[in-house]
Amino acid sequence: MKKQNVFKEGYRISLLAGLATLFLALLKALVGYFSGSLLLISDAMHSASDLLVIFTAAIGIKIASKAPDERFPYGYYKAENLATLFISFLIFFAGYEIAMEGYKKLYAIPSLKIPYIAILTAIISIAVSYVIAIHICKVGKRQGMQSLIAVGHERKVDAISSIFVLMGITLDFYNVRYVEGIFSIGISILILELA
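The opening position of the sequence shown corresponds to residue 0 in numbering that gives the first Met the number 0, with each subsequent residue numbered one higher.
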């Protein structure tokens, strides 16, 4: 019975993280679109890929919570490990995609509208992502759930990438060229290292 409670808590925290990530992805996409910030739009795409990671973890936890049966007499707990492996591949792919976009942005001309709202959005993203990351990692370590720990680490990467986005938007505001490309490549290196 205790194992079932562990899986319920893991599943619940995955869903809450998913809702918060969906909110951040939509916020960054809208503000990025209206402000003309390619960095914020890229960060929104990164958050959208995070949703896939969180969704995969939630499915792995849900399957792992199934009771042993004739087919799997020791239970389905290894499903969580497979979900963790799949999450690693998704993180690697997201890092690669952001690196390619960053290379393209090296040659883009900065054109930022409503910079203060874009900066505020980046700050909100940093705060929300960091709080979620700390909480998910704490629950994952307490319950011994590798997929939650992986999601927590991925959320930390999202907070760090949002710091780069904040710096990039600020420098873009002052018309510093190449910033979006360089920072996007920096974000991708962090992501690839995590994978």
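Here a beta-carbon is modelled for each residue, glycine too, at the ideal position from N, C-alpha and C.
Neighbourhood of residue i by C-beta distance below 6 Å, restricted to the same chain and skipping five residues each side
i, result
"G180", "G101, K104 and L105"
"L191", "G94"
Nearest to residue i (by Cα), restricted to the options the options
i, options, result
"T120", "E8, L15 and I40", "I40"
"G185", "L38, K27 and S34", "L38"
"S34", "L111, M99 and F91", "L111"
"S36", "S187, L191, I188 and V178", "V178"
"V175", "I108, Q142, F6 and R141", "I108"
"S48", "Q142, P114, S64 and V156", "V156"
"I188", "Q142, F91 and A28", "F91"
"I159", "I113, R141, V130 and Y173", "V130"
"L29", "K137, I113, Y173 and C136", "I113"
Same chain, Cβ closer than 8 Å to residue i, neighbours up to 5 away in sequence not counted
i, result
"I86", "V52, T55, A56, S146, A149, V150 and E153"
Contacting residues, own chain, Cβ-Cβ under 7 Å from residue i (five flanking each side not counted)
i, result
"L50", "G17, T20, L21 and A24"
"N80", "Q145"
"G139", "L147, I148 and G151"
"F6", "I60, A63 and S64"
"F163", "F182, G185 and I186"
Residue j beta carbon less than 9 Å from that of residue i
i, j, result
"F165", "I125", "Note that residue 165 corresponds to Leu in the displayed sequence, not to Phe. Contact: yes."
"G9", "M144", "yes"
"I60", "S13", "yes"
"A93", "H45", "yes"
"A98", "S161", "no"
"A43", "L26", "yes"
CB contact check: residue i to chain D, cutoff 9 Å
i, result
"S187", "Absent here is chain D; the protein component of the structure consists of one chain."
Given 8 Å, three or more beta-carbon pairs between the segment 112-126 and the segment 162-174: As far as the Cβ criterion goes, the segment 112-126 touches the segment 162-174, which means the pair count is three or higher.
Sequence ranges, alpha helix (DSSP H) only - wholly within the segment 59-108, length at least 4: For the alpha helix (DSSP H) assignment, the uninterrupted runs of no fewer than 4 residues enclosed by the segment 59-108 are, from N- to C-terminal side, 77-104.
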